[in-house]
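Residue numbers are given in this note's numbering: position 245 of the sequence shown equals residue 227, and the series is strictly consecutive.
Note sheet for the following structure.
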Amino acid sequence: GSAAYNMPGVFVFEGELDLALLEYAFDELIARHESLRTIFREDEEGEVRQVILDTIPFNIACYDMQADETILKSLLQQAVAAPFELSAGPLLRAGLYQVGTNKWIFTFTIHHIISDGWSMNVFIKELLLFYNTASNPLSPLKIQYKDYAFWQQEQLSEAALEEHATYWLNQFSDELPVLVLPADKARPALKSYNGGIVYKTINRELTRGLKTLMQEQQSTLFMGLLCAVNTLLHRYSGQEDIIIGSPVAGREHIELEDQIGFYVNTLVLRTRFSGKDSYLELLENVKQITLNAYEHQVYPFDTLVDLLQLQRDLSRSPLFDVMVALQDKNSGPLQLNNLSVSEYTGHTHTVSKFDLLFNFSETGEEITTAITYNSDIYTKETIDRLSIHFVQLLEAVTNYSYQPIEELEYLSEAETARLLSVFNNTSVPYPSDK
């Protein structure tokens, strides 16, 4: 198994922790969700099948780090990055690292095959609920992941699928563009997953300006951000045909909202445009492409990749190298009885599945931008600079939305001054005797 598909959560607990109650909460969670008792084994024909176990042994690994915190970092790294054995399970693990009299670091990691971003929120929300109430006040789930998988198979075998397949084939029937951005290092011949992450805040004023513009254009915040990323990639590459991936929750039915499982699908959004287009013209284009993609979102990404029979390039992801996601608003701070819970901000291993992932989330009246990058291709300095350029570009598009995107100013004053001084210093002096 590869650590690239591990989904970790790392939190700090401070106060009075009841370990028996935390173990009880895990047991309730595992009993409630079949996906947490699912493993994957080959049958006689060599086909991999999911097997749902009635019970699965689970315990929280506990470590006392109070005397020696030096190895804490490597232990946390191991906790989030160690691969899972798909055929043995459980595909979930948890660890508690005591770092003070009343202070612990709590980790949990789930394999992506039974989870997704939405599931991680369901997981932590229900875990805290069971811990706080010392009971299970939830009514049993009406359906489980296997029911969804069965329903999806039925959907995929019907004529409706033809229509979706035709739409996606039309999007990618001609020669597909490969995005070429300036890189700091030679791309590894075999795709790597080593990553780093850079955070940048889009302040209240700019967030408000962008949202107002989107309302005027009857577009969503996601469309506005996707359009801005397309603009940035165009300015970095000069390309006018760009493919970007984006995850969709895949939970159109209300019964799926409290499920833990792999429901997410990837939409592939191809935008063809000109640098002479204004941001508003590009936005209209992006809006139509996004709405059309939503109409055909049930078509699985893996099936699309198979359908296109792409020449496989082992150094890249199929179809696209840049992903854009907008997370739902966070639902306030996490609360436990006699215990404060906060996200751990220390460093754990960052995995990058793509060259670049722009992950936006609304926090209060601001937008937090987390750019995950492949550290075998880019340096942190380059992505720091790119994140600044992105914010400057957002300033430009909200103020000059009618201007051609190829003319928008996104360099900082310092960069502009530096470029001008280099340019002026290399100019040839005019001979004085002429």
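Yeah, the Cβ is synthetic: ideal placement off N, Cα and C, and Gly gets one too.
Bear in mind that the values here come from a model prediction, so they are computed numbers and not experimental data.
In the assembly as shown, Q200 is an exposed residue. Its beta-carbon has fewer than 16 other beta-carbons within 10 Å. Inclusion of Y245 and A(-14) in the CB contact set at 8 Å is not warranted, their separation being larger than that value.
Put simply, the stretch 343 to 357 does not touch the stretch 126 to 142. Fewer than three CB pairs are less than 8 Å apart.
In the same chain as T202, and ignoring 5 residues on each side of it, the C-beta atoms closer than 7 Å to its own belong to M196, in chain order. E(-4) places its beta carbon less than 8 Å from that of L321. In the structure shown, Y384 adopts coil according to DSSP, grouped into three states. Taking a contact as a CB-CB distance under 8 Å, the pair L264 and N212 counts as one, their CB atoms being some 7 Å apart.
For a cut-off of 8 Å, the C-beta gap from T351 to L339 is around 11 Å, too long to register as a contact. Per DSSP, the continuous alpha helix (DSSP H) segment holding T285 begins and ends at F283 to L290. Under the three-state reduction of DSSP, Q279 is assigned to coil, being neither helix nor strand. Counting along the chain, the unbroken beta strand (DSSP E) around I21 starts and ends at T20 to E24. Annotation: R298 to K335 spans about 9 Å, alpha carbon to alpha carbon.
Distance between A275 and L3, taken at the CA atoms: about 45 Å. In terms of CA proximity to E157, I224 leads the group Q134, T148, I224 and I184. DSSP places D129 outside any beta strand (DSSP E); the residue lies instead in the alpha helix (DSSP H), whose first and last residues are Y127 to L138.
Residue pairing by DSSP places K85 opposite E(-4) and G82 in a beta bridge.
Residue state for L74 is assigned as strand, using DSSP reduced to three classes.
Taking a contact as a CB-CB distance under 8 Å, the pair L163 and S219 counts as one, their CB atoms being some 6 Å apart. The shortest CA-to-CA distance from Q241 to any of A43, V62 and K124 is the one to K124.
The continuous beta strand (DSSP E) containing S343 extends over residues L338 to T345.
Closest by C-alpha distance to L58, out of G77, G71, I106 and A49, is G77.
For C209, no pairing in a beta bridge is given by DSSP. Contact annotation, A61 with T89: C-beta distance approximately 5 Å; criterion of less than 8 Å satisfied.
In this structure, the CA atom of Y384 is about 17 Å from the CA atom of L188. For V180, the enclosing beta strand (DSSP E) has its first and last residue at G177 to I184. By the Cβ criterion, the stretch 23 to 38 is not in contact with the stretch 142 to 151, since fewer than three pairs of Cβ atoms, one from each stretch, lie closer than 8 Å.
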